[in-house]
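Student: Here it is, the structure, as structure tokens.
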Amino acid sequence: MDKATKSVVIVGGGTAGWMAAASLSKFLAGHDISITLIESADIGTVGVGEATLPAIREFNHYLGLDEVEFIKATNATFKLGIEFQNWHQLGNSFFHPFAGYGAPMHGVDFYHHWHRAKVEGAAGELGDYCLATQLAMNNKFAQPSMNNNNPLSVFNYAFHFDAIAYARYLRQFAEQAGVKRIEQRISKVHVGVENGDIESVELQDGRVIAGDLFIDCSGFAGLLIKKALHVGYDDWRHWLPCDSAIAVPCQSVADITPYTQSIAMESGWRWRIPLQHRTGNGVVFCSDYMSESQATDWLLGQLDGEPLADPNVIRFITGKRQKMWHKNCVAIGLASGFLEPLESTSIAMIQNGISHIHQFFPFAGIKQIEVDEVNRLNDLQYERIRDFIILHYCATQRIDTPFWQHCQRIDIPDSLKHKIELFKQRGHLIKYDGESFERDSWLSILSGMAIMPEQVETSAQMMPQQQLHQQLQQIQHAIEQGVGFAGSHAAFINKHCKAGA
Ligand code: FAD
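Note that the sequence shown ends on residue 604 in our numbering; no numbers are left out.
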């Protein structure tokens, strides 16, 4: 008979561990199932992961967290999207908003109309037709209005936050909901000889913690899924060659931008993430083309203000665990894989992993068919996000350094080739199953990289030319007005959600 799940053991107390603990404590409330989280202060957490996607709002909402309290507790700022500088060509920049562009006209997607007008020389950049982009570029923020009669005012937002403060905040939530926390290093993992399940973990002080379901949130260490269960890893460095990062927080001196900046450099790129109390910075690079000391020197030379800590060097292998659920162990967070932080996807993937645990929670015991399904869903999500991130590298026209020349030669996955070709040849922008990013997100990167359909879509040719040009002007005008009404991002935070106020 299958063994019912009566105890869950979460290994690791980083963002993944505490998100899993908080969410499961809510999900399992009322069931007679214990949740224990083990973390080690000696080992600590990876200490990065400050930019999020809008999905984080759904997670917080599920827990019932008050948004203003959450922002104050985590020194968060608002994020309307990501600005990409020097990605297409040196000196060029574009914006990926959490929003759509314009509004459909005569039942035809806006981008087809925009493309036609662009070809006719009567349209600005795509971002001119997006309120979120224009707010961001003017350092402004306003809450979106989800008024469906006015699609221009509908957009989404996410946050930049202090990841350590977020984990602390969730810890408080989870402990109040009954999660037991143990602060100890795990020194051994006991695997059953007969069934290959994890039976227990042994702590440095000799205590043995048994469980029915183990959630491996031990970060890159992969203490359970990799070291104890030996589940292999799909190495995707041939598609995503960056393998190193260096992070340094610094004092904030400039206005806090309501967006993340991703600035391509000689052999990778750097991020700039403004929080209320400091700015997060880091460089992501490929060690075949740049040394750690070169990257560190370069990063330190780019900071807005004084560094607030020593550089934190992180090595990684882009890719994913071959099975994220194996036996009685589910890996979440960095233990399950890592796709580099270019589109801030990891925390959203943690959420996704947790939602699959909810959906397929083995109350009455683990069934292989459910394990297989969770693995299929997780693989799909990883592959779709992988393609989206590869697009940023393969679509560049930069050939000014050996690294960017290498990126031009990458043999991209067929799924991505198909998507790009369909768009180029016929103007169709498809959303595959399991895709996290909307078509507008793809469009922002494709158009930012100057990849456009070869011909104007026939259905967009039907509108009289003058009418089309007038409508585009009206949209631009309405957006300019919207931006005019909004206050600065800093003023919004000071008024509504200043940390410590
Ligand atoms: P960790 O934070 O490493 O936590 C691991 C936990 O396991 C710790 O508590 C540790 O103490 C515990 N542990 C390990 N071994 C043992 C042991 N033997 N005994 C007891 N405890 C143990 N994500 C985003 O969404 N947005 C971003 O902007 C972003 N930027 C990133 C930038 C970089 C350079 C990197 C590398 C990652 C970034 N990420 C980002 C990913 C993000 O940091 C992680 O997804 C997130 O922090 C979750 O990490 P984790 O909890 O899986 O691992």
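Positions of the beta carbon are idealized from the N, C-alpha and C atoms, including for glycine.
At the level of alpha carbons, what is the spacing between Gly590 and Leu131?
Tutor: As a working note, residue 590 is residue 487 in the sequence shown. As a working note, residue 131 is residue 28 in the sequence shown. Straight-line Cα distance between these residues: approximately 42 Å.
Student: What does the alpha-carbon distance come out to for the pair Ser365 and Ser137?
Tutor: Within the sequence shown, residue 365 is the residue found at index 262, counting from 1. Within the sequence shown, residue 137 is the residue found at index 34, counting from 1. Those two C-alpha atoms are separated by around 42 Å.
Student: Of the choices Phe419, Ile267, Gln237, Phe262, whose alpha-carbon is the least far from that of Ser256?
Tutor: Along the sequence shown, one-based indexing puts residue 256 at 153. The residue with the shortest Cα to Cα distance from Ser256 is Gln237.
Student: Let's test the definition: count the other Cβ atoms within 10 Å of the Cβ of Gly440 and tell me whether it reaches 16, buried, or not, exposed.
Tutor: Reading the sequence shown from its first residue, position 337 is the one you call residue 440. Buried, because 16 or more other Cβ atoms sit within 10 Å of the Cβ of Gly440.
Student: Are the beta-carbon atoms belonging to Ile523 and Tyr496 less than 8 Å from one another?
Tutor: Position 420 of the sequence shown, counted from the start, is the residue given in the question as residue 523. Position 393 of the sequence shown, counted from the start, is the residue given in the question as residue 496. Result no, Cβ atoms of Ile523 and Tyr496 do not sit closer than 8 Å.
Student: Over the uninterrupted beta strand (DSSP E) stretch that includes Cys510, give me the two end residues.
Tutor: Reading the sequence shown from its first residue, position 407 is the one you call residue 510. Unbroken run through Cys510 is the alpha helix (DSSP H), 505-511; no beta strand (DSSP E).
Student: Comparing the CB of Glu223 with every heavy atom of the ligand FAD, is any distance shorter than 7 Å?
Tutor: As a first step, residue 223 must be located in the sequence shown, where it is residue number 120. Checking every heavy atom of the ligand FAD against the Cβ of Glu223, none is found closer than 7 Å.
Student: Do the segment 479-487 and the segment 451-458 touch if we need at least three Cβ pairs shorter than 8 Å?
Tutor: These segments touch.
Student: Looking at Ser550: is its Cβ nearer than 8 Å to the Cβ of Leu229?
Tutor: Residue 550 sits at position 447 when you count from the first residue of the sequence shown. Residue 229 sits at position 126 when you count from the first residue of the sequence shown. A distance below 8 Å separates the beta carbons of Ser550 and Leu229.
Student: With distances taken Cα to Cα, identify the nearest neighbour of Gly133 among Gly115, Asp145, Thr155, Lys109.
Tutor: Taking the sequence shown and counting its residues from 1, the one referred to as residue 133 is at position 30. Selected option, being the one with the closest Cα: Lys109.
Student: How many Å lie between Gly322 and Trp428 at the Cα?
Tutor: Sequence index remark: in the sequence shown, residue 322 carries index 219 (1-based). Sequence index remark: in the sequence shown, residue 428 carries index 325 (1-based). For Gly322 and Trp428, the distance between alpha carbons rounds to 15 Å.
Student: Between Met555 and chain D, is the shortest Cβ-Cβ distance under 8 Å, so that the two count as touching?
Tutor: Absent here is chain D; the protein component of the structure consists of one chain.
Student: If you draw a straight line from the C-alpha of Gly299 to the C-alpha of Pro157, how long is it?
Tutor: As a first step, residue 299 must be located in the sequence shown, where it is residue number 196. As a first step, residue 157 must be located in the sequence shown, where it is residue number 54. Taking the straight line joining both Cα atoms gives about 38 Å.
Student: Evaluate the contact criterion for the segment 456-468 versus the segment 144-151: three or more CB pairs, one atom per stretch, below 8 Å.
Tutor: no
Student: So, with DSSP's three-state summary, where would you put Glu443?
Tutor: Sequence index remark: in the sequence shown, residue 443 carries index 340 (1-based). DSSP, reduced to helix, strand and coil, places Glu443 outside both helices and strands of the structure shown, so it counts as coil.
Student: Determine, using beta carbons only, whether Asp407 and Val356 come nearer to each other than 8 Å.
Tutor: Here the question's residue 407 lines up with position 304 in the sequence shown. Here the question's residue 356 lines up with position 253 in the sequence shown. Their beta carbons are under 8 Å apart, which means Asp407 touches Val356 by this criterion.
Student: How many angstroms separate the CA atom of Ala434 from the CA atom of Val474?
Tutor: The sequence position of residue 434 within the sequence shown is 331, counting from 1. The sequence position of residue 474 within the sequence shown is 371, counting from 1. Rounded to the nearest whole angstrom, the C-alpha separation of Ala434 and Val474 is 12 Å.
Student: Closest to Cys345 by C-alpha separation, out of Phe181, Leu445, Asp169, would be which residue?
Tutor: Here residue 345 corresponds to residue number 242 of the sequence shown, with the count starting at 1. Looking at the Cα atoms, Leu445 is the closest of the given residues.
Student: Could you tell me whether any non-hydrogen atom of the ligand FAD is closer than 7 Å to the CB of Ile504?
Tutor: On the sequence shown, position 401 is the one that residue 504 refers to. Looking at the sequence shown, residue 504 is not Ile but Thr. Flag unset: Cβ of Thr504 not near the ligand FAD.
Student: Which residue's Cα is closest to the Cα of Pro377: Val112, Gly309, Ala179, His341?
Tutor: Numbered from 1 along the sequence shown, position 274 holds the residue referred to as residue 377. Of all alpha-carbon atoms in Val112, Gly309, Ala179, His341, the one lying nearest the alpha-carbon of Pro377 is that of Ala179.
Student: Are at least three pairs of beta-carbons, each pair with one atom in the segment 534-551 and one in the segment 210-230, less than 8 Å apart?
Tutor: yes
Student: If I measure Cβ to Cβ from Arg288 and keep anything under 8 Å in the same chain, skipping five residues before and after, which residues do I get?
Tutor: Sequence index remark: in the sequence shown, residue 288 carries index 185 (1-based). Ser143, Asp145, Ile146, Leu306, Gln307, listed in sequence order.
Student: Closer than 7 Å to a non-hydrogen atom of the ligand FAD - does that hold for the CB of Phe173?
Tutor: Residue 173 sits at position 70 when you count from the first residue of the sequence shown. The closest heavy atom of the ligand FAD lies 7 Å or more from the beta carbon of Phe173.
Student: Give, in chain order, every unbroken run of the alpha helix (DSSP H) that is at least 4 residues long and sits entirely within the segment 218-274.
Tutor: 234-240
Student: So, Pro556 versus Phe526, is the Cβ gap smaller than 8 Å?
Tutor: Reading the sequence shown from its first residue, position 453 is the one you call residue 556. Reading the sequence shown from its first residue, position 423 is the one you call residue 526. The answer is yes: Cβ separation under 8 Å.
Student: Roughly how many angstroms lie between the CA atoms of His218 and Gln584, to the nearest whole one?
Tutor: Translated into positions along the sequence shown, residue 218 becomes position 115. Translated into positions along the sequence shown, residue 584 becomes position 481. Approximately 24 Å, taken between the alpha carbons.
Student: Is the closest heavy atom of the ligand FAD to the C-beta of Leu437 under 7 Å?
Tutor: Position 334 of the sequence shown holds residue 437. Yes, Cβ of Leu437 sits closer than 7 Å to a heavy atom of the ligand FAD.
Student: Measure the Cβ-Cβ separation of Pro361 and Ala239 and say whether it is below 8 Å.
Tutor: For the purposes of this step, residue 361 is taken as residue 258 along the sequence shown, with counting starting at 1. For the purposes of this step, residue 239 is taken as residue 136 along the sequence shown, with counting starting at 1. For Pro361 and Ala239, yes; Cβs fall inside 8 Å.
Student: At what residues does the beta strand (DSSP E) containing Ile450 begin and finish?
Tutor: Within the sequence shown, residue 450 is the residue found at index 347, counting from 1. Not the beta strand (DSSP E): Ile450 falls in the alpha helix (DSSP H), residues 449-462.
Student: Is Glu297 near the ligand FAD, judged by its Cβ being under 7 Å from some heavy atom?
Tutor: Counting from one through the sequence shown, the residue named residue 297 turns up at place 194. Outside the cutoff, so no.
Student: In the DSSP assignment, find the alpha helix (DSSP H) that holds Ser110 and state where it starts and stops.
Tutor: One-based indexing of the sequence shown puts residue 110 at position 7. No alpha helix (DSSP H) holds Ser110; the beta strand (DSSP E) holding it covers 110-114.
Student: To the nearest angstrom, how far is it from the Cα of Glu153 to the Cα of Met565?
Tutor: Reading the sequence shown from its first residue, position 50 is the one you call residue 153. Reading the sequence shown from its first residue, position 462 is the one you call residue 565. Cα to Cα, Glu153 sits roughly 46 Å from Met565.
Student: Alpha carbon to alpha carbon, how far is Arg487 from Ile493?
Tutor: On the sequence shown, residue 487 is found 384 positions in, with the first residue counted as 1. On the sequence shown, residue 493 is found 390 positions in, with the first residue counted as 1. Computed Cα separation, rounded: 10 Å.
Student: Restricting to Cα atoms, I'd like to know which of Tyr535, Ala124, Trp339, Val387 is closest to Val111.
Tutor: Sequence index remark: in the sequence shown, residue 111 carries index 8 (1-based). Answer by Cα proximity: Ala124.
Student: Confirm the yes/no value for this check: CB of Cys320, any heavy atom of the ligand FAD, distance under 7 Å.
Tutor: Here the question's residue 320 lines up with position 217 in the sequence shown. In this structure, Cys320 has its CB closer than 7 Å to one or more heavy atoms of the ligand FAD.
Student: Taking Cβ positions, are Val304 and Ile141 nearer each other than 8 Å?
Tutor: Position 201 of the sequence shown, counting from 1, holds the residue named residue 304. Position 38 of the sequence shown, counting from 1, holds the residue named residue 141. For Val304 and Ile141, yes; Cβs fall inside 8 Å.
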